[in-house]
Amino acid sequence: MREASFETRLREYIDAQVPIIYIDSFDDNKVDDMILNVTGKRVVWEWNEMDGCINRKKIENGRVTSIFESVNADWTLSELLKYGVKEEELDRKILIVKDIYSYLEDSKLVALLKNACLKIEEGRLETTFIFISPVVKIPKELEKYMVLLEEDFLKEEEIREVVSEFLEECSLGSLHEKLMDEIVVAFKGLSNLEIETILALDLSSRGTIDRETIHLIIEQKQQMIRKAGILEMIPVNEGLEDIGGLENLKNWLQKKAVILKDMAKAKKFGVELPKGVLIAGVPGCGKSLNAKASAKLFEVPLLKLDMGRIMGKYVGESEENLRHAIALAEAIAPCVLWVDELEKAFAGIGGNGGGAEVTTRLFGQFLTWMQEKKSAVFVVATANDIMKLPPELMRKGRFDEIFYVKLPTREERRKIFEIHIGKRRPDDLKDINIDKLVSETEGYSGADIEGIVKGGVESAYVNKKSNVETEDIIEAIESTHSLSEVMEKEIYEMERAYKEKKFKCASDE
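In the numbering used here, the protein residues as written are 5 to 513.
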């Protein structure tokens, strides 16, 4: 069953006489056009801070006119509601209210709206209020009278049409089909206005539209992330070649890359977009590194979701922040969304108290999105111990696969030593006895080994040696306690639980 469009849903809600339709959108002009289109002959008024009350369908000399009959154009929103409901001036009308967010903190205004909704419910008033705001705030008193409607992202064919029309208007001809496909995908999540602005900016600065335009699009999306302050865009430098071992996980990611690098062709073949992967297990063994490497492999931005930034101090603020973060990720898509230390992010689920209740709602919101998402947001969730999380998380349909990461095998330790010594002292690598280092590091994590190599290199430098030798690194090993010593019991319990749950091992055993 095909999902109804934004305009269709708007028309249906108006026809159903829903008292309040709350539209989450930045693009007032586009939404205004849709409202005027679906309301037919109905009278549409608008109230905004700048113009007061105006009649949206009464145009004189090309301008929307104010209302000077019984309604004072300079009235505040509260004054308009008080008079309009009492004297039935708002009957059989639609009232658009712009940037409603800050006004909904006024308890008197909320009371006036609730009173109007009660009259609508009783059939004594035929009015639909349409709120347009990029920030959503829903007072408890109005929840039952309100529906939230989010503006659809432009579909690929719509973006293609916008770009084609721009090229035609500027007499630039047409783009090569593959380049057009890449630009269309890059523009996903941006509005009609944003697309036209970026194209105009690029044309005025460089005089053409080509592959370089994609860099400008990415810059625009990075600005969206920075301005929102909820997600973090992580620079991606590490690739799969920087990971020692974990071959099963790396091979799995490479298969997903084939799909994500040509989504249109994959979808046409009947392949569903990948949802994501949950990587759990021993700390310091490459989980975070895999999140970064996957973004580089897929050639997409890496966004990090920090639940600390999501939690707000006001009622409903945390849920709104998570919803905004998800919307941003979908706007940036295709991308990788990294949720680090998942068990800490959703700690306290099912507990008592306000904080636990908020966390439980956030967890449910996140799971629902994971289950239903259709966007090219590939989620990489990492956790040290997911057994602390509810079993719903591990159910099929949330993640495509769950991998567990254990302490590195002998061969993996060899690769990790080679990677870290090769990065720092490539000329010394051939003279270092890697076999001896591997034998001395049973039970050490990848992070332990990296620290050991750093320590050995530093020791050689401080001692004014010209080369790093095997003994320098052995000394560092002897002064380091392995993770298996520090967390012996926890590691044993984790591995036993993951094997019982039949999670896939990230290593090639």
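For every residue, glycine included, the Cβ atom is placed at its ideal position computed from N, Cα and C.
{"query": "Outcome for residue 452 when other beta-carbon atoms lying within 10 angstroms are tallied against a minimum of 16", "result": "buried"}
{"query": "Residue environment, residue 325, which counts as buried when at least 16 other CB atoms sit within 10 Å", "result": "buried"}
{"query": "Exposure of residue 388, with buried meaning 16 or more beta-carbon neighbours within 10 Å", "result": "buried"}
{"query": "Span of the beta strand (DSSP E), counted from its first residue to its last, around residue 263", "result": "It is not in any beta strand (DSSP E) - residue 263 instead sits in the alpha helix (DSSP H) that spans 251-264."}
{"query": "3-residue-minimum beta strand (DSSP E) runs that sit fully inside the stretch 279-326, ordered along the chain", "result": "280-285 and 306-309"}
{"query": "Inter-residue CB distance, residue 51 and residue 60 (contact presumed, cutoff 8 angstroms)", "result": "The pair is not a contact, with the Cβ atoms about 11 angstroms apart (cut-off 8 angstroms)."}
{"query": "Span separating the alpha-carbon of residue 506 from that of residue 405", "result": "11 angstroms"}
{"query": "Residue 491 in three-state terms, based on DSSP", "result": "coil"}
{"query": "Residue from 186, 171 and 247 whose Cα sits closest to the Cα of residue 211", "result": "171"}
{"query": "For residue 399 and residue 195, the rounded distance between their alpha carbons", "result": "35 angstroms"}
{"query": "Distance, residue 259 Cα to residue 366 Cα", "result": "31 angstroms"}
{"query": "Residue interval of the alpha helix (DSSP H) (run including residue 411)", "result": "From DSSP, residue 411 is part of no alpha helix (DSSP H); its letter is neither H nor E."}
{"query": "Outcome for residue 490 when other beta-carbon atoms lying within 10 angstroms are tallied against a minimum of 16", "result": "exposed"}
{"query": "Residue 428 beta carbon less than 7 angstroms from that of residue 466", "result": "no"}
{"query": "Cβ neighbour criterion (16 or more within 10 Å) applied to residue 72", "result": "For residue 72, the pLDDT reaches just 49, beneath the cut-off of 50, and the residue's location in the model is therefore unreliable, although a value from the coordinates is still provided. Its Cβ having fewer than 16 others within 10 Å, residue 72 is exposed."}
{"query": "Per-residue DSSP class, three states only, for residue 210", "result": "helix"}
{"query": "Proximal residues to residue 300 (C-beta, below 6 angstroms), its chain only, five neighbours per side dropped", "result": "240 and 243"}
{"query": "Coarse secondary structure for residue 59, derived from DSSP in three states", "result": "strand"}
{"query": "Of the listed residues 114, 62 and 46, nearest to residue 95 (C-alpha basis)", "result": "46"}
{"query": "Endpoints, alpha helix (DSSP H) assigned at residue 236", "result": "Residue 236 -> not in any alpha helix (DSSP H); beta strand (DSSP E) instead, spanning 235-238."}
{"query": "Any 3 or more C-beta pairs closer than 8 angstroms across the stretch 416-436 and the stretch 389-396", "result": "no"}
{"query": "Among 407, 108 and 327, the one whose alpha carbon lies nearest that of residue 252", "result": "407"}
{"query": "Check whether residue 235 and residue 332 have beta carbons under 7 angstroms apart", "result": "yes"}
{"query": "Cβ pair residue 205, residue 25 closer than 7 angstroms", "result": "no"}
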